[in-house]
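Each remark here refers to the structure printed beneath this line.
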Amino acid sequence: MEVFARKNMSFLDCLWDRMWPHLEQPSGMSASPDQNQNLSLKEASDPSTSTTFIALYDFRARSNEELTVRQGESLHVIRKQGDYVLAVKTCGSSEVGLVPTNYVVESSKEFFFNEPWYFDGISRTEAEKLLFSSLNQPGSYLIRPSETYTDQYSLSVRIQNRVIHFCIKKTDNGKFYIQKNRSFSSLQDLLTFYKMNWKHIKSPVLYPCVRQELLSTDAWEQPRSDFQPRRKLGEGYFGEVWEGMWKGTYPVAIKTMKQADVNKTDLQKEIQALKSLQHPNLIQLFAVCTIGEPIYIVTELMQKGNLLSYINSLEGRVLSPLHLMYITCQVAEGMAYLAEKHVVHRDLAARNILVGDNLSCKIADFGLARLLKEEFYSPSSNTKIPVKWTAPEAANYQRYSLKSDVWSYGIVLFEIFTYGEQPYSGMTNREVLEQLSHGYRLPRPRACPVDVYQIMLSCWRDEEDMRPSFQNLRDKLNSINTNLNHMQK
Ligand SMILES: Nc1ncnc2c1ncn2[C@@H]1O[C@H](COP(=O)(O)OP(=O)(O)OP(=O)(O)O)[C@@H](O)[C@H]1O
346 MEVFARKNMS
356 FLDCLWDRMW
366 PHLEQPSGMS
376 ASPDQNQNLS
386 LKEASDPSTS
396 TTFIALYDFR
406 ARSNEELTVR
416 QGESLHVIRK
426 QGDYVLAVKT
436 CGSSEVGLVP
446 TNYVVESSKE
456 FFFNEPWYFD
466 GISRTEAEKL
476 LFSSLNQPGS
486 YLIRPSETYT
496 DQYSLSVRIQ
506 NRVIHFCIKK
516 TDNGKFYIQK
526 NRSFSSLQDL
536 LTFYKMNWKH
546 IKSPVLYPCV
556 RQELLSTDAW
566 EQPRSDFQPR
576 RKLGEGYFGE
586 VWEGMWKGTY
596 PVAIKTMKQA
606 DVNKTDLQKE
616 IQALKSLQHP
626 NLIQLFAVCT
636 IGEPIYIVTE
646 LMQKGNLLSY
656 INSLEGRVLS
666 PLHLMYITCQ
676 VAEGMAYLAE
686 KHVVHRDLAA
696 RNILVGDNLS
706 CKIADFGLAR
716 LLKEEFYSPS
726 SNTKIPVKWT
736 APEAANYQRY
746 SLKSDVWSYG
756 IVLFEIFTYG
766 EQPYSGMTNR
776 EVLEQLSHGY
786 RLPRPRACPV
796 DVYQIMLSCW
806 RDEEDMRPSF
816 QNLRDKLNSI
826 NTNLNHMQK
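Last residue of the sequence shown? That's 834 in my numbering, and every number before it is there in order.
Encoded structure:
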């Protein structure tokens, strides 16, 4: 009667409070165990005010207010109280008390709560962060409760550089659906269907999202036997790069290095730099094997190899200026992120950008990347310098900065719009530096829009401070790209 009256005639709350004064607890004031017991038994016996939960773990009460529960025990939860729920056991004893919220789960969720793909209590933004983190790749997915509606869920799926969120609703008879004409009795059934028939949602649903806990420092070191190199992709200064499989399931790229070839400190720095940097336009580190020889650095595999070879290939040569713009924007996005993190790349060039499906581009080769402690970083001068990509102040005086990366970005633009031509072709390094000091600059490639060439020239200003920032470059190129796209329509 009381519950019915309060629920349906809430405008008479004052009257109900007088009639049943014990039911309302002033907010923030916790009930004594005895009080808990009185009101909870009363409320718990009414199914309209309590929900059935299951204990996920054993919990031993530490005070009279708390309730000892065993894993699997069924409880009625009367209300939430901060990080606790006030609960009464559904059978056996009539004890009432508080249990930490993370020790219980609503019984309707019990069947999927422990599934690897179910992430309770994470937001849309956190889901995106997780799906973009190391160990996850395109096709990774998770299901989480909706932030807006209770009793609804969201399926978040990573597709290349984006995460798409599908709303999972429930029909009146408790079935789950994404598309109204296809409903399923469980989330498991829904997933099984969309894994097999992903074309209905245009997003491959492939791998359960790897949890953040697994990404803790220790998890980066993985057993060598988990990786099977299959095909050699290329060779660099430090070693070879192989296409391979991780645990026979995930395709990965494996960079092999002999310990003797590598300065241990440099290697650790390279690994540290890779670990802390996560962005859709940066190559993602998955794991390392530094115990034994050769060292493996395992990253995501980019199917189309490096950008220089790609744009020079049959497939690359037919790319339109619009496609080329899309590439420049992605590289600018990745570099703007590196700039935000105060990381100077020092070797930005088309050969160090990797291409995946759907023309996705990622910046690679942080072998030379270093976290900027001060405004400028001055390395030992015996490094082999790619002069034609390097800003004069860096090539002449090893004065590397985010602004010397901006210069290199201008050269990358030249490489992109010439479909992979050598910059300053026919000139020696010495001639290049000399010509630059006299004001010479590379000419505008035929496929390059005039406003993009103006951007290139701004990257090659003598005065470092006069060069644009990567944030600025990203914004300008994105707006040119948007305009070009509109003109095409
Ligand atoms: N993650 C990857 N996915 C696909 N191909 C890759 C990947 N990493 C490297 N490659 C291929 O392997 C080649 C060699 O890569 P690596 O990074 O060892 O050398 P590099 O960058 O060309 O030279 P260096 O290391 O001397 O600067 C690249 O040019 C590219 O074609």
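Where a beta carbon is used, it is the ideal one built from N, C-alpha and C, also for glycine. Quick caveat, the model's predicted, so the values are computed rather than measured.
Bridge partners - residue i, DSSP secondary structure assignment
i: residue 651; result: 699
i: residue 590; result: 573, 596
i: residue 632; result: 643
i: residue 425; result: 430
i: residue 419; result: 399
i: residue 520; result: DSSP, once it has assigned bridges, lists no residue as partnering residue 520.
i: residue 463; result: 488
i: residue 529; result: 521
i: residue 584; result: 602
i: residue 579; result: 586
i: residue 411; result: 443
i: residue 638; result: The partner list for residue 638 (beta bridge, DSSP) is empty, contrary to what the question assumes.
i: residue 404; result: 414
i: residue 566; result: 633
Status (buried if at least 16 other CB within 10 Å, exposed otherwise) for residue i
i: residue 725; result: Bear in mind that the predicted position of residue 725 carries a pLDDT of just 46, short of 50, making it unreliable; the figure below should be weighed with that in mind. Under this definition residue 725 is an exposed residue.
i: residue 802; result: exposed
i: residue 425; result: exposed
i: residue 690; result: buried
i: residue 749; result: buried
i: residue 773; result: exposed
i: residue 818; result: buried
i: residue 832; result: exposed
i: residue 541; result: exposed
i: residue 434; result: buried
i: residue 534; result: exposed
i: residue 810; result: exposed
i: residue 837; result: Given that the chain is displayed from residue 346 to residue 834, the structure contains no residue 837 and the question cannot be resolved.
i: residue 431; result: buried
i: residue 436; result: exposed
i: residue 733; result: buried
i: residue 692; result: buried
Limits of the unbroken beta strand (DSSP E) element including residue i
i: residue 598; result: 595–602
i: residue 433; result: 429–434
i: residue 512; result: 507–515
i: residue 488; result: 485–490
i: residue 443; result: 441–445
i: residue 451; result: 449–451
i: residue 730; result: Run containing residue 730: none; DSSP gives neither H nor E here.
i: residue 554; result: Element bounds for residue 554: n/a, residue is neither H nor E.
i: residue 546; result: No beta strand (DSSP E) holds residue 546; DSSP gives it neither H nor E.
i: residue 707; result: 706–708
Start-to-end residues for the alpha helix (DSSP H) that takes in residue i
i: residue 498; result: It is not in any alpha helix (DSSP H) - residue 498 instead sits in the beta strand (DSSP E) that spans 498–504.
i: residue 755; result: 747–762
i: residue 536; result: 532–541
i: residue 474; result: 469–477
i: residue 672; result: 666–685
i: residue 804; result: 795–804
i: residue 821; result: 815–833
i: residue 626; result: Looking at the DSSP string, residue 626 is not in any alpha helix (DSSP H), and its letter there is neither H nor E.
i: residue 661; result: 659–662
i: residue 742; result: 737–742
i: residue 836; result: Outside the displayed span of the chain (346 to 834) sits residue 836, for which this structure offers no information.
**Asked** Counting Cβ pairs closer than 8 Å, one from the stretch 688–698 and one from the stretch 629–646, do we hit at least three?
**Response** In short, these stretches do not touch, since the Cβ pair count stays below three.
**At least 3 beta-carbon pairs within less than 8 Å: the stretch 665–675 vs the stretch 578–595** = no
**Message:** If contact is defined by three or more beta carbon pairs under 8 Å, each pair taking one atom from either stretch, is the stretch 680–687 in contact with the stretch 800–820?
**Reply:** yes
**Prompt:** Should the stretch 515–531 be called in touch with the stretch 495–506, which here means at least 3 C-beta pairs below 8 Å?
**Reply:** yes
**Asked** Is it a yes or a no for the stretch 479–493 touching the stretch 545–557, going by three-plus beta-carbon pairs under 8 Å?
**Response** yes
**Item:** Cβ contact check for the stretch 617–632 and the stretch 776–796: 3 or more pairs under 8 Å
**Value:** no
**Request:** Indicate whether the contact test is met: 3 or more Cβ pairs, each with one atom in the stretch 503–510 and one in the stretch 562–581, closer than 8 Å.
**Result:** no
**Prompt:** For the stretch 646–666 against the stretch 776–787, are there 3 or more C-beta pairs whose distance is under 8 Å?
**Reply:** no
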